[in-house]
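S.K.:
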Amino acid sequence: MEQKGDNSADIEMQQKLSKDNESPLNRNASGESSATEDNPPVPPKRDYAAENAETQAPPEYASVKKRKKLISFPPRPEFVYKPESTAATMTCLKNCMIIVHLLIWLLGAIITGLGIWLKIDKDFWNIQKELDIKQFGTATTLLIVVGVVIMVIGFCGCWGAITSTIWLLVLFSVVMIIIVILEIAAIALVWTSVASESTQEDVKLKAKNALQHFVDDDNKRYFIDLIQRKLRCCGVDGPGDYHLDPVHPIPIPSSCIPKDSLVPYEKGCYTAVIEFLKSKAAIVGGVAVAVLLLQLAVLGLTICLVYNCCC
């Protein structure tokens with residue numbers, strides 16, 4: 001019995017020693033054999049994802065190495081869609097469009113009223129009749145037509161902005177583009193026509209013919225006296241225009257002579273009128289440029305409103 005107990009103790013001791021000498025690197029396919037020269041140990045696999053996660057910078061900051069220094073930049077801001085801000089922008093844009101189109105409608109009403117007033121004004125028609133310039137009547141008719149068109153355009157734009165009607169806004173944009181192009185063409189045409197020598201000579205000739213009937217017609221006398229007195233000029237090219245007919249010379253009127261002198265003005269009224277128009281050219285040009293810029297601004301606002309309504 002004692003021998004059996006000693007044998008069992010020896011067996012347990014050997015098993016314990018064999019377990020202590022065993023390692024996971026020296027196991028074979030069955031998990032019990034140790035490593036040998038023919039079967040070298042296999043190194044454990046590295047978890048690169050875990051290592052990168054440990055060494056990576058926090059997500060809210062991006063790090064860059066430059067000249068051996070660590071420089072941190074704040075995160076890039078993200079643009080977030082906010083329906084509230086878009087609705088507020090649309091409301092503000094609509095209100096601006098309504099106000100601007102009301103101003104356009106008012107401008108058209110003023111132009112229409114001016115054309116009607118010139119059409120029925122007797123003094124204006126007397127001037128046209130005496131100078132025999134038919135373009136004045138055409139200009140008044142054109143003023144009325146343009147004013148009515150501007151009123152219709154302003155109403156369409158205003159109603160389209162209130163109701164967000166796409167086709168009205170598109171129609172307004174197309175018509176506004178056409179009007180801007182026509183305005184630029186008309187300004188260029190008028191400028192070249194006025195600057196041409198043939199137009200100037202034609203105006204001079206008609207003015208001199210009207211001057212020859214100065215005594216016979218009260219309307220002509222009133223008109224010519226008004227120009228000569230206001231602009232301090234005499235005749236078309238000078239006082240000599242009253243003596244163009246040596247058989248029936250016309251006496252120089254009192255409007256050609258200053259109150260404190262007996263010598264008539266040497267400057268002709270044609271030159272005086274040209275100088276007067278040039279002195280007002282800056283104002284007229286400024287108003288024209290302001291109107292053109294206003295139209296372009298309205299066109300831009302309308303296009304933005306159409307884009308927002310469609311998108």
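Read in the UniProt record's numbering, the sequence shown has 6 at position 6, and its numbers run on one by one without any break.
We put the beta carbon where it would ideally sit given N, CA and C, even for glycine.
Is it a yes or a no for the stretch 289-307 touching the stretch 260-268, going by three-plus beta-carbon pairs under 8 Å?
M.R.: The stretch 289-307 is not in contact with the stretch 260-268.
S.K.: Hey, Leu107 and Ile150 are a contact pair by Cβ (cut 8 Å); roughly how many whole angstroms apart?
M.R.: With 8 Å as the limit, Leu107 and Ile150 qualify as a contact, their Cβ atoms being about 6 Å apart.
S.K.: Output yes or no for whether 8 Å exceeds the beta carbon distance between Gly147 and Thr112.
M.R.: Yes; because the gap between Cβ atoms is below 8 Å, this pair is in contact.
S.K.: Roughly how many whole angstroms lie between the Cα atoms of Ala62 and Met97?
M.R.: In this prediction, Ala62 scores a pLDDT of 46, lower than 50, which makes its location untrustworthy; the coordinate-derived value is nonetheless stated afterwards. About 45 Å.
S.K.: Indicate whether Leu205 and Asp241 have their beta-carbon atoms separated by less than 8 Å.
M.R.: No. Outside cutoff.
S.K.: Going along the chain, which residues of its own chain have a beta-carbon closer than 6 Å to the beta-carbon of Val100, five neighbours each way excluded?
M.R.: Hits under 6 Å: Val298.
S.K.: Buried or exposed: Trp167, going by 16 or more other Cβ atoms within 10 Å of its Cβ?
M.R.: So Trp167 counts as exposed.
S.K.: At the level of alpha carbons, what is the spacing between Asp237 and Ala185?
M.R.: Answer to the nearest angstrom: the Cα atoms are 32 Å apart.
S.K.: Would a C-beta distance cut-off of 8 Å place Leu305 and Val180 closer than the cut-off?
M.R.: No, they are not a contact pair.
S.K.: Could you spell out where the alpha helix (DSSP H) holding Thr165 opens and where it closes?
M.R.: Taken as a continuous stretch (DSSP letters only), Thr165 belongs to no alpha helix (DSSP H), as it is neither H nor E.
S.K.: For the putative contact between Ser261 and Asp225, defined by C-beta atoms under 8 Å, what is the C-beta separation to the nearest angstrom?
M.R.: Not confirmed; about 17 Å, so no contact.
S.K.: Output needed for Ser173: all residues of its chain with C-beta closer than 8 Å, excluding positions within five of it in sequence on either side, in chain order.
M.R.: For Ser173, where only same-chain residues beyond five positions count, the Cβ hits under 8 Å are Leu299, Thr302, Ile303 and Val306.
S.K.: Whole angstroms are fine: how far does the CA of Ala109 sit from the CA of Arg232?
M.R.: Roughly 36 Å between the two C-alpha positions.
S.K.: Does any residue of chain B have a CB that is nearer than 8 Å to the CB of Val291?
M.R.: No chain B is present in this structure, which holds just one protein chain.
S.K.: According to the Cβ coordinates, are Leu118 and Thr140 closer than 8 Å?
M.R.: Yes, Cβ-Cβ distance for Leu118 and Thr140 is below 8 Å.
S.K.: I need the boundaries of the alpha helix (DSSP H) containing Val273, first residue and last residue.
M.R.: Here the alpha helix (DSSP H) through Val273 covers Cys269 to Ser279.
S.K.: Alpha carbons only, please: which of Ile257, Ala282 and Lys208 is nearest the one belonging to Tyr270?
M.R.: It is Lys208.
S.K.: Considering only the beta carbon of each residue, do Pro187 and Ala282 sit closer than 8 Å?
M.R.: Strictly speaking, residue 187 in this sequence is Ile, with Pro absent from that position. Their beta carbons are not under 8 Å apart, which means Ile187 does not touch Ala282 by this criterion.
S.K.: Which of the three DSSP states, helix, strand or coil, is assigned to Arg232?
M.R.: Looking at Arg232 - three-state DSSP - the assignment turns out to be coil, as it is neither helix nor strand.
S.K.: Could you give the distance in angstroms between the alpha-carbon of Trp159 and the alpha-carbon of Leu294?
M.R.: Distance between the alpha carbons of Trp159 and Leu294: 19 Å.
S.K.: Do Met176 and Ile162 have their CB atoms nearer than 8 Å?
M.R.: No. Outside cutoff.
S.K.: Quick check on Leu182: buried or exposed, where buried means 16 or more other Cβ atoms within 10 Å of its Cβ?
M.R.: Flag for Leu182 reads exposed.
S.K.: Go through its chain and collect everything with a Cβ distance to Lys94's Cβ below 8 Å, but skip five positions before and after it.
M.R.: Taken in chain order, the residues that qualify are Ala161, Ile162, Ser164 and Leu305.
S.K.: Residues in the same chain with beta-carbon distance under 8 Å from Leu169, minus the five sequence neighbours each way, listed in chain order, please.
M.R.: Gly157, Gly160, Ala161, Thr302, Leu305, Val306 and Cys309, listed in sequence order.
S.K.: Would you identify the three-state DSSP class for Lys206, choosing helix, strand or coil?
M.R.: Lys206: helix per DSSP, three-state reduction.
S.K.: DSSP three-state call for Ile257: helix, strand or coil?
M.R.: It is coil, neither helix nor strand.
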